[in-house]
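What follows is a single structure, written as structure tokens, with notes after it.
There are 2 protein chains.
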Amino acid sequence: MSLIVQKFGGSSVRDTQRIFHVAEIIAETYKAGNDVIVVLSAQGDTTDELIGKANEINPHASKREMDMLLSTGEQISVALCAMALEKIGVPAVSLAAWQVGIQSNSVHSDARIKRIDEERVRGELNQRKVVLVAGFQAVNKNGDVTTLGRGGSDTSAVALAASFQADLCQIYTDVDGIYTCDPRIVPNARKLEAITYDEMLELASQGAQVLHNRSVELAKKYHVNLEVLSSLEKKPGTKVKEVVKMEKTNIAGVAKDTSVARVALVGLQHNPGVAFQVFSLLGKANINVDVIIQSIGRGDTKDISFTVHKKDLEDAQQVLEDNKDVLKFDHVAVDDKIGKVSIVGAGMMSNAGVAAKMFEALYEAGINIQMINTSEIRVSVLIDENDVDRAVRAVHAKFFDEP
Amino acid sequence: MSLIVQKFGGSSVRDTQRIFHVAEIIAETYKAGNDVIVVLSAQGDTTDELIGKANEINPHASKREMDMLLSTGEQISVALCAMALEKIGVPAVSLAAWQVGIQSNSVHSDARIKRIDEERVRGELNQRKVVLVAGFQAVNKNGDVTTLGRGGSDTSAVALAASFQADLCQIYTDVDGIYTCDPRIVPNARKLEAITYDEMLELASQGAQVLHNRSVELAKKYHVNLEVLSSLEKKPGTKVKEVVKMEKTNIAGVAKDTSVARVALVGLQHNPGVAFQVFSLLGKANINVDVIIQSIGRGDTKDISFTVHKKDLEDAQQVLEDNKDVLKFDHVAVDDKIGKVSIVGAGMMSNAGVAAKMFEALYEAGINIQMINTSEIRVSVLIDENDVDRAVRAVHAKFFDEP
Chain A
1 MSLIVQKFGG SSVRDTQRIF HVAEIIAETY KAGNDVIVVL SAQGDTTDEL
51 IGKANEINPH ASKREMDMLL STGEQISVAL CAMALEKIGV PAVSLAAWQV
101 GIQSNSVHSD ARIKRIDEER VRGELNQRKV VLVAGFQAVN KNGDVTTLGR
151 GGSDTSAVAL AASFQADLCQ IYTDVDGIYT CDPRIVPNAR KLEAITYDEM
201 LELASQGAQV LHNRSVELAK KYHVNLEVLS SLEKKPGTKV KEVVKMEKTN
251 IAGVAKDTSV ARVALVGLQH NPGVAFQVFS LLGKANINVD VIIQSIGRGD
301 TKDISFTVHK KDLEDAQQVL EDNKDVLKFD HVAVDDKIGK VSIVGAGMMS
351 NAGVAAKMFE ALYEAGINIQ MINTSEIRVS VLIDENDVDR AVRAVHAKFF
401 DEP
Chain B
1 MSLIVQKFGG SSVRDTQRIF HVAEIIAETY KAGNDVIVVL SAQGDTTDEL
51 IGKANEINPH ASKREMDMLL STGEQISVAL CAMALEKIGV PAVSLAAWQV
101 GIQSNSVHSD ARIKRIDEER VRGELNQRKV VLVAGFQAVN KNGDVTTLGR
151 GGSDTSAVAL AASFQADLCQ IYTDVDGIYT CDPRIVPNAR KLEAITYDEM
201 LELASQGAQV LHNRSVELAK KYHVNLEVLS SLEKKPGTKV KEVVKMEKTN
251 IAGVAKDTSV ARVALVGLQH NPGVAFQVFS LLGKANINVD VIIQSIGRGD
301 TKDISFTVHK KDLEDAQQVL EDNKDVLKFD HVAVDDKIGK VSIVGAGMMS
351 NAGVAAKMFE ALYEAGINIQ MINTSEIRVS VLIDENDVDR AVRAVHAKFF
401 DEP
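Keeping their order, the protein sequence lines are chains A and B. According to full-length UniProt numbering, the first sequence holds residues 1 to 403 in order. According to full-length UniProt numbering, the second sequence holds residues 1 to 403 in order.
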């Protein structure tokens, strides 16, 4: 007998028919003799509808009250799914985060889980009940409801799997696994049988939206056996684990991200510590910076370029302009018509030719590279926004279609 | 400085505009220097929509899961209203029942409040925050959500007022007080300035739907100063209290109830204990019996008639037929085309002419009385369903319009 955590997203529970479909998957796992903990998101558009109601009343509502409001969506899902399980003869109990004892810090709307109590859930499992836990939510030390940020239900599921030392954590989605590329861009993208935590992390942070980044970090830290699979079709998904047998292609996939914008500080004085000053100012303003490039100096000035999320572009410009006297630069140049294409693969660094192969594919497609950034298992290039899909196809073909 | 509990029903918070209207009433009370605890029901049709979703999935869902589902409605209301108060500059915090510590027994869907913790609410009031509490809900000793039954938010409000020894408990509704009669039937019905707990109890149980019966019982037990008033118009409502200066009419109001049906057991054997047997069987089947009449025997048999709620009529018939051999009667006769008209007044019993005056009014209107039932402060008659509104008008006119 195993303990299995199963997570279903909002579209998987959006109506009665889908809820019964989910109940059948759960029932099958339960009837095979497993203990089952289920994590659910809010139904379909429920969260957006609640946000709409709140915005109509107060677009600047406190995050504490937003969390109180939004957490109702997941509670509705677990109660309804428990009723569906009861209907098909499977004993079940739904629990909100405060009932489980999912403890978090107090950062409303983006809380981190600190501890999960065992008693209630173990007690229910021991009575052979399926335990349905409202995802996305937690409770802080004052007894206030918190939420875990976008995609937080993935994090709830992995945290429960880690806490209860589950044998497997299954993330059910509307795709059937992790692909070498977005199949909407590259129709012959291949489904991966397995991927490492690190590759998944890089893919997730480079724009692949299947798994929430934080959930993968947590899975890696606690060695949680993850599987991403389809709630619609019954077939094997993609396993996420520590080590994966390498394929000859060396890379796990190609990702794109068109939500980035480039900022260049032109004509910076050559005084020491200026890079530190720039990025500490941006950090204080809660602006995340991704790719950073510092050009070789020309005379007594240099340029620093970096990318930020498009939504942060205005704020970043403002912060820099406000500190022009301190930072001493000539001007700020921005470009929000760019995109990022990345290749990710755990075996990349032991194979020097991988980055070159990517650049070759782009060269052959006549695509100009504006900036390059690499990590141990990733190579990213910034290119013109209009070239992104063509670049993805060219790079994918180079790695996966050539003999 | 006083502590005031204010309760607003579902129609009072059904949309953004109404929520801001409620927020203004609360803000005014708060700005006058009072501590304010607010109890809200679920918005408009939210509860019915949630019940609809549940029924689509499982019409026989466990009450435990129904409570888990339905309690989200009130949580949404308090969070949204807190946002509205924030918007107009009034510090506020919303709390679900588990956060307050509203403890109940474990009778899901019809729980009784046992205790209310003071700490959290006092702490928030001491910080000069308006405390918004989700009505209708509580939590049992296992940490499961319970609900208090129809109209349970009234009970939440009165229980909080009792527990915190509030100076006043205001129940805001879409009518502006308690009337001598339903103004839709008797256009010149008068609003009462005040009414006693007992009169209110009788009126509530005889069909006046302004206040939830249980909330009035609780208010009487703990001497809570109740006031029923309009959330739409700013004018005095009706006070509910221990003693009320009697008006010369002797009665507080006229109520009607058309949800009753009459059951007659015809030709019962004259053996002792048969009445006990009949009503203990019905009690075991959870069927509430109201008016009971036992006829004088004819020969060696007698008849017993009683009324039940229309929804229980079929069950009652079934229980009786199933036990025909034990009870030994000839046949069961039922009539669901009847209605009940009652007059209620604390001074009634000290004034022998009151009942007679009611019967006179009915006689003058040519209305035939089928059954009569009285309590210390009430006289009820059962009449033909089609005569009910005419009877109400006749009786009301007799007591309130004649000089």
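All residues carry an ideal CB built from backbone N, CA and C; glycine is no exception.
Pick from the options that is closest to residue i, judged by C-alpha positions
{"i": "VAL145 of chain A", "options": "A:GLN99, A:LYS357, A:ILE293", "result": "A:GLN99"}
{"i": "LEU70 of chain A", "options": "A:THR47, A:ASN288, A:SER259", "result": "A:THR47"}
{"i": "ALA252 of chain A", "options": "A:ASN288, A:GLN294, A:HIS223, A:ALA204", "result": "A:ALA204"}
{"i": "LYS235 of chain B", "options": "B:HIS108, B:ARG390, B:GLU193, B:SER106", "result": "B:GLU193"}
{"i": "ARG14 of chain A", "options": "A:ALA355, A:GLU74, A:VAL5", "result": "A:GLU74"}
{"i": "HIS108 of chain B", "options": "B:ALA61, B:ALA84, B:ASP154, B:GLY101", "result": "B:ALA61"}
{"i": "VAL36 of chain B", "options": "B:LYS311, B:GLU227, B:ILE372, B:SER2", "result": "B:SER2"}
{"i": "GLU118 of chain B", "options": "B:ALA159, B:ASP154, B:THR155, B:ASN142", "result": "B:ALA159"}
{"i": "MET358 of chain B", "options": "B:GLN370, B:GLU376, B:ALA346, B:SER380", "result": "B:SER380"}
{"i": "MET200 of chain A", "options": "A:GLU227, A:PRO187, A:VAL274, A:ASP174", "result": "A:GLU227"}
{"i": "PHE8 of chain B", "options": "B:ASP154, B:ALA275, B:ILE304, B:GLU202", "result": "B:ASP154"}
{"i": "GLY299 of chain A", "options": "A:PHE306, A:GLU402, A:LEU268", "result": "A:LEU268"}
{"i": "VAL240 of chain B", "options": "B:GLY33, B:SER215, B:ARG112, B:HIS309", "result": "B:SER215"}
{"i": "GLU217 of chain B", "options": "B:ILE113, B:GLN294, B:THR16", "result": "B:ILE113"}
{"i": "ILE383 of chain B", "options": "B:LEU282, B:TYR30, B:THR258, B:ASN34", "result": "B:THR258"}
{"i": "THR301 of chain B", "options": "B:VAL274, B:GLN318, B:GLY283", "result": "B:VAL274"}
{"i": "ASP167 of chain B", "options": "B:ARG190, B:VAL266, B:ASN34", "result": "B:ASN34"}
{"i": "ASN105 of chain B", "options": "B:ASN140, B:ARG115, B:ALA92", "result": "B:ASN140"}
{"i": "residue 413 of chain B", "options": "B:PRO183, B:ASN250, B:ILE25", "result": "For chain B, the structure presents residues 1 to 403; residue 413 of chain B sits outside this window and is missing."}
{"i": "ASP198 of chain B", "options": "B:ILE4, B:ASP389, B:ILE377, B:GLU385", "result": "B:ILE377"}
Residue i, enclosing beta strand (DSSP E) - first and last residue
{"i": "LYS53 of chain A", "result": "Where LYS53 of chain A is concerned, there is no enclosing beta strand (DSSP E), although the alpha helix (DSSP H) it sits in stretches over 46-57."}
{"i": "LEU168 of chain B", "result": "168-173"}
{"i": "ASN373 of chain B", "result": "371-375"}
{"i": "LYS235 of chain A", "result": "Where LYS235 of chain A is concerned, there is no enclosing beta strand (DSSP E), given that its DSSP letter is neither H nor E."}
{"i": "GLN103 of chain B", "result": "102-104"}
{"i": "LYS357 of chain A", "result": "Where LYS357 of chain A is concerned, there is no enclosing beta strand (DSSP E), although the alpha helix (DSSP H) it sits in stretches over 353-364."}
{"i": "VAL5 of chain A", "result": "3-8"}
{"i": "LEU320 of chain B", "result": "Taken as a continuous stretch (DSSP letters only), LEU320 of chain B belongs to no beta strand (DSSP E), being part of the alpha helix (DSSP H) at 313-322."}
{"i": "residue 451 of chain A", "result": "Because chain A here runs from 1 to 403, residue 451 of chain A falls outside it and cannot be looked at."}
{"i": "ASP35 of chain A", "result": "35-40"}
{"i": "LEU95 of chain A", "result": "92-95"}
{"i": "ASP336 of chain A", "result": "Neither: ASP336 of chain A is in no beta strand (DSSP E) and is coded neither H nor E."}
{"i": "ILE383 of chain B", "result": "378-384"}
Beta bridge counterpart(s) of residue i as assigned by DSSP
{"i": "ALA261 of chain B", "result": "B:VAL308"}
{"i": "LYS302 of chain B", "result": "B:LEU268"}
{"i": "GLY253 of chain A", "result": "A:VAL344"}
{"i": "HIS331 of chain A", "result": "A:VAL266"}
{"i": "LYS191 of chain B", "result": "B:TYR179"}
{"i": "LYS241 of chain A", "result": "A:THR196"}
{"i": "ALA138 of chain B", "result": "B:THR146"}
{"i": "HIS294 of chain A", "result": "For clarity, residue 294 of chain A is Gln in the given sequence; the question names His instead. DSSP output for GLN294 of chain A lists A:ILE304 as bridge partner(s)."}
Range of the contiguous alpha helix (DSSP H) that encloses residue i
{"i": "ILE178 of chain B", "result": "Run containing ILE178 of chain B: none; DSSP gives neither H nor E here."}
{"i": "VAL388 of chain A", "result": "388-396"}
{"i": "ASP15 of chain B", "result": "No alpha helix (DSSP H) contains ASP15 of chain B, which DSSP labels as neither H nor E."}
{"i": "ARG128 of chain A", "result": "No alpha helix (DSSP H) contains ARG128 of chain A, which DSSP labels as neither H nor E."}
{"i": "ALA219 of chain A", "result": "213-221"}
{"i": "ARG64 of chain A", "result": "63-87"}
{"i": "GLN277 of chain A", "result": "274-284"}
{"i": "SER156 of chain A", "result": "152-163"}
Worksheet item: At a Cβ cut of 7 Å, what residues of the segment 70-84 of chain B count as close to chain A, listed as they run along the chain?
Response: Result list: THR72, GLN75, ILE76, ALA79, LEU80, ALA82, MET83, ALA84.
Discussion item. For the structure I just gave you, are there three or more beta carbon pairs, one from the segment 77-95 of chain B and one from the segment 115-132 of chain B, closer than 8 Å?
Written reply: Here the segment 77-95 of chain B lies against the segment 115-132 of chain B, with 3 or more beta-carbon pairs under 8 Å apart.
Fill in: Under 7 Å (Cβ pairs) to chain B, residues found in the segment 299-327 of chain A
Listed by position, the residues of the segment 299-327 of chain A near chain B (Cβ gap below 7 Å) amount to none.
Practice prompt. Could you say if the segment 118-125 of chain A and the segment 142-159 of chain A meet the contact criterion of at least three C-beta pairs nearer than 8 Å?
Written response: Contact between the segment 118-125 of chain A and the segment 142-159 of chain A is absent, with fewer than three C-beta pairs closer than 8 Å.
Discussion item. Taking beta-carbon pairs under 7 Å, can you tell me which members of the segment 160-186 of chain A lie near chain B?
Written reply: Taking 7 Å as the Cβ-Cβ cut-off against chain B, none of the residues of the segment 160-186 of chain A qualify.
Worksheet entry | Contact residues within the segment 18-35 of chain A, judged by C-beta distance below 7 Å to chain B | Answer in chain order: ILE19.
Discussion item. Using a Cβ-Cβ cutoff of 7 Å, what residues of the segment 84-99 of chain A are near chain B? List them in chain order.
Written reply: So the list reads ALA84, GLU86, LYS87, SER94, TRP98, GLN99, given in the order they occur along the chain.
Item to complete: Report the residues of the segment 125-145 of chain B with a CB closer than 7 Å to any CB of chain A, ordered along the chain.
Response: Cβ contacts with chain A: GLY143.
Worksheet entry | the segment 41-56 of chain A: positions lying closer than 8 Å to chain B by Cβ | Within the segment 41-56 of chain A, the residues whose Cβ lies closer than 8 Å to some Cβ of chain B are LEU50, LYS53, ALA54, GLU56, listed in chain order.
Item to complete: Kindly confirm or deny that the segment 301-320 of chain A and the segment 331-346 of chain A touch, where touching means at least three C-beta pairs closer than 8 Å.
Response: A contact exists between the segment 301-320 of chain A and the segment 331-346 of chain A.
Discussion item. Check whether the segment 387-394 of chain B and the segment 356-372 of chain B are in contact - that is, three or more C-beta pairs closer than 8 Å.
Written reply: Contact holds: three or more Cβ-Cβ distances are below 8 Å.
Practice prompt. Tell me, please, whether the segment 156-172 of chain B touches the segment 319-332 of chain B by the rule of three or more beta-carbon pairs shorter than 8 Å.
Written response: These segments do not touch.
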